[in-house]
Every structure is written in structure tokens, then in C-alpha cells.
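FYI, my numbering numbers position 34 of the sequence shown as 34, with every residue one higher than the one before it. To keep things clear, I will list the structure first and then write my remarks on it.
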Amino acid sequence: MRTRGLLLALAVTGLGAVTAAVTLSRHPAEAAAVVPHVIAAPACVDEDGDGFGLNCPAGPDCNDRDATVHPGRREACNFRDDDCNGLVDDDPACPAPALDPTRVTVPAGRLLMGSDGGAPDERPVHAVAIGAFAMDRYEVTNRRYEACVAAGRCAAPRLLSSHLRAHYLDDRTFADYPVVFVDFDQASEFCEHAGGRLPTEAEWELAARGTKDARTYPWGDDPPDCSRANLGGPGGCANDTDRVGRRPAGASPYGAQDMAGNVWEWTADWYDARYYERSPGRDPRGPAEGTLKVVRGGCWQSGADSLRSTCRKAELPATWAYNVGFRCVYPGAKGGRRD
């Protein structure tokens with residue numbers, strides 16, 4: 001006799017999941033036997049052995065390559081996010097340095113611009129004379145940018161979030177963190193409203209390196225770490241932006257901070273990979289036209305190579321991203337002016 005059946009799935013919860021397939025027919029005698037099938041729970045993936053990881057009972061880990069970083073840890077005042085809460089050194093025992101709102105003074109000087117050991121677009125090394133200027137000590141913060149938006153002089157960032165934080169610009173916790181999700185025009189408009197402009201590549205590099213030596217990074221030639229720069233992405237210092245000025249050990253010869261890491265910074269120049277071959281010897285301002293703008297300094301995702309003060313990166317002017325911000329320069333050497 002032909003039978004018509006239905007497939008019934010039964011689920012039993014417990015240490016594992018048990019399912020049974022049963023064929024029901026018109027005659028009980030023709031019912032098939034129940035065959036249990038055990039589905040094992042997903043295995044815990046804990047690469048660094050700290051008890052946290054994918055599918056682990058203790059919970060997920062924000063850095064499964066370092067056993068000293070996990071949600072159960074206390075902040076260790078080491079310029080890193082040790083407890084996976086998206087904040088660096090937020091324990092009361094780890095006070096952040098006070099912020100200095102004055103600009104830095106960059107006197108006129110002669111810079112050996114570029115690097116023979118870097119990428120092809122950093123060559124040749126060439127001498128340029130640059131006039132004096134003042135520069136923001138820090139990257140432009142959410143606090144400063146939000147004030148410009150409130151004054152009706154600046155367009156709001158394209159998003160109010162950051163890489164890991166759903167609320168960033170609109171959360172006062174991050175008021176002194178660098179503004180992100182602003183494109184080239186927005187950065188230019190802010191600087192104009194503040195009485196300045198975006199720095200040229202040459203001005204940016206002079207402020208980062210100084211004139212006395214051909215240092216690799218703003219602080220010198222020692223390799224970057226979290227005490228000097230916010231870098232490294234996942235497994236690095238914060239895997240997102242960090243408060244400006246937290247790392248004075250990474251300051252440039254003139255006192256500008258965070259010129260390596262945290263966020264890439266817009267400059268005024270159009271990008272040309274061969275511009276250094278014909279750059280003028282005094283106050284170069286980049287090509288007269290182009291399709292890409294130059295950003296400098298690396299970001300929180302970067303490795304050591306991108307944090308070199310000579311590193312050049314090209315971006316479309318319309319780019320807005322969670323790892324791009326800016327700072328401004330001002331005419332003359334008005335270092336005493338406040339932001």
C-alpha cells in the first residue's frame with residue numbers, strides 16, 4: 001500500500017541539540033523508527049588562551065592575539081584598550097595629559113623633503129625653504145568641529161559614528177577625539193572659518209620632522225608603539241580613534257601631537273607621484289590641478305611604514321572615512337593663539 005507521510009522535526013534543548021525525523025503514515029505499524037542525530041555545540045576558538053574568544057563561554061575577545069587584552073582585564077595605563085570597551089586608559093589611575101589649546105609655532109626653515117628609502121613617490125629627496133606658520137597642536141576635534149556646525153559655518157560630518165562607536169560626534173565622551181567622516185571641502189571650510197587653511201605637504205612635513213635631522217617619525221627614529229602613536233588596527237592600540245594629545249612622547253620637534261597615527265590628515269596639495277622631480281625650492285604648493293588630494297600621517301589602522309613623516313597617500317577629495325581627519329595652519333608664527 002502506498003503511504004503519504006509528513007516530516008516532523010523535533011528539537012530538544014540541553015547540552016546538545018537532538019533532532020528526530022519521523023515518517024507518519026495512515027497505519028501506525030508502518031511508522032519508521034526514530035533515529036536521533038546529535039549536533040555538537042560550536043567549539044570555543046581562543047587563539048591566545050585567555051578564556052575569551054569566538055563561541056567561548058566567557059564571551060568574545062576584541063584581540064585574540066594577545067592574552068593580556070580581553071573583556072575581563074583591568075586597564076593597565078599602557079596607551080591601549082586593555083578591557084575591550086573601546087576606550088584607552090579609562091581607569092581613574094590613568095589620567096590623560098591636560099590639553100594645551102595654543103597652536104605650535106613652526107619657524108621658517110629649510111627642509112630636506114622626501115626619502116630615498118621610502119616609496120617611489122617620496123623621491124628624490126630635495127631641499128625646500130618654507131616660511132613661518134602656526135599649526136594646530138592637535139587634530140581638529142569633535143568639540144571644535146561641532147561648534148562650527150552649530151554656528152552654521154560647517155556642514156555636519158557624513159556620519160555621527162566612528163569605526164566601533166555608534167555614537168561619536170554626538171557623545172560628549174568623545175568631544176576631544178578627532179573629527180572623522182569629513183571630506184576635503186569640509187576640512188577646508190572649517191580651516192577658513194578658524195582663520196587658517198589646510199597645510200601644504202611641505203608645511204605638514206616640516207611640522208612633523210623639523211630641520212635638524214632626517215628623522216623617520218615625529219619623535220625620531222625609534223619604532224612606533226602605543227606610547228607614541230595610535231596605530232595597529234585590530235590587535236593594536238585602540239582599533240579606533242583615540243583622544244588627541246594622549247601621547248606627548250610622540251610629539252614633533254615643534255610640539256605638534258598625533259602627527260603619526262590616529263587619523264590621516266588632509267593637506268591642500270593635489271597628488272602627483274612625480275611632483276618632487278620638479279618641485280620649486282621655496283614654499284611648494286603642489287600641482288596646479290589633479291584628481292586626488294594628499295593625506296599624511298597614517299591612522300589608527302596603520303603599520304609603521306605609513307606612520308613615517310615622508311609617507312604620502314592619495315585620496316579623492318570627496319572621500320569621507322572613519323580614519324581621515326585634519327588640522328589647520330595659520331599665517332605667520334602665531335603660536336600663542338588659541339584654537
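C-beta atoms are modelled at their ideal positions from N, C-alpha and C, and glycine is treated no differently.
* Asked: For P224 versus A260, is the C-beta distance shorter than 9 Å?
  -> Taking 9 Å as the Cβ cut-off, P224 and A260 qualify as a contacting pair.
* Asked: For the putative contact between D269 and K293, defined by C-beta atoms under 8 Å, what is the C-beta separation to the nearest angstrom?
  -> 7 Å
* Looking at the unbroken beta strand (DSSP E) that takes in D91, where does it start and where does it end? -> Where D91 is concerned, there is no enclosing beta strand (DSSP E), given that its DSSP letter is neither H nor E.
* Asked: Okay, do the region 141-152 and the region 173-191 touch, 3+ Cβ pairs below 8 Å being the bar?
  -> yes
* Asked: Closer than 9 Å, CB to CB, is P178 near chain B or not?
  -> The chain labelled as chain B is not found in the depicted structure, where only one protein chain is given.
* Among residues of its own chain, excluding the 5 on either side of F181, which ones have a beta-carbon nearer than 6 Å to its beta-carbon? -> P157, R158, L159 and W320
* **Exposure label - L54; buried when at least 16 CB within 10 Å** => exposed
* Assuming P101 and V140 form a contact by the criterion Cβ under 8 Å, report the distance between their Cβ atoms to the nearest whole angstrom. => Going by Cβ atoms, the distance from P101 to V140 rounds to 12 Å, so no, they are not a contact pair.
* If you drop the 5 nearest sequence neighbours on each side, which residues of the same chain put their C-beta closer than 7 Å to that of D176? -> L99, T141, R143, R243 and V244
* Asked: Between the C-alpha atoms of A29 and D50, what's the straight-line distance to the nearest angstrom?
  -> Caution applies to A29, whose pLDDT of 47 falls short of 50 and renders its modelled position unreliable; the model cannot decide the point.
* Per DSSP, what kind of secondary structure is W204 in: helix, strand or coil? -> helix
* Asked: Do three or more CB pairs link the region 114-122 to the region 270-285 at distances below 8 Å?
  -> Segments in contact, yes.
* Is the CB-CB distance between A256 and R308 below 9 Å? -> no
* To do: Can you tell me which of G250, C154, G131 and G220 puts its alpha carbon nearest to the alpha carbon of R285?
  => G131
* Asked: Using the C-alpha atoms, what's the distance from Y254 back to V104?
  -> 6 Å
* **Classification of G297 by the beta-carbon crowding that lies within 10 angstroms, buried from 16 upward** => By the 10 Å Cβ count, G297 comes out buried.
* To do: State the Cα-Cα distance for the pair C237 and C226, rounded to the nearest angstrom.
  => 6 Å
* Asked: Does the separation of the CB atoms of A314 and L231 fall below 9 Å?
  -> no
* To do: Please check the pair A96 and R246, which I expect to be a contact at CB under 8 Å, by giving their CB distance rounded to whole angstroms.
  => 5 Å
* **Rounded straight-line distance, which links the Cα of R282 to that of E265** => 23 Å
* To do: Hey, could you find the ends of the beta strand (DSSP E) F52 is sitting in?
  => Note, F52: premise wrong, no beta strand (DSSP E); not H, not E.
* To do: Below 7 Å CB to CB, which residues in the same chain sit around A229 once its five sequence neighbours on both sides are set aside?
  => R247, G250, A260, G261 and L307
* Look at M135 and V295 and say whether their C-beta atoms are less than 9 Å apart. => One thing to note: M135 has its Cβ no nearer than 9 Å to the Cβ of V295.
* Could you give the distance in angstroms between the alpha-carbon of D185 and the alpha-carbon of I39? -> 56 Å
* Count the other CB atoms within 10 Å of the CB of H167; is the residue buried (16 or more) or exposed (fewer)? -> exposed
* Under three-state DSSP, which class holds H126? -> Here H126 sits in strand by DSSP.
* **Cα-Cα separation, H70 to T241** => 19 Å
* Contact under 9 Å by Cβ, E75 with A93 -> yes
* To do: Give the DSSP-derived three-state secondary structure of L307 in the structure shown.
  => helix
* Do you know offhand how far C56's Cα is from N85's? -> Whole-angstrom Cα-Cα distance: 18 Å.
* Do you know how far the Cα of D222 is from the Cα of K212? -> Between the C-alpha atoms of K212 and D222 there is a straight-line separation of about 16 Å.
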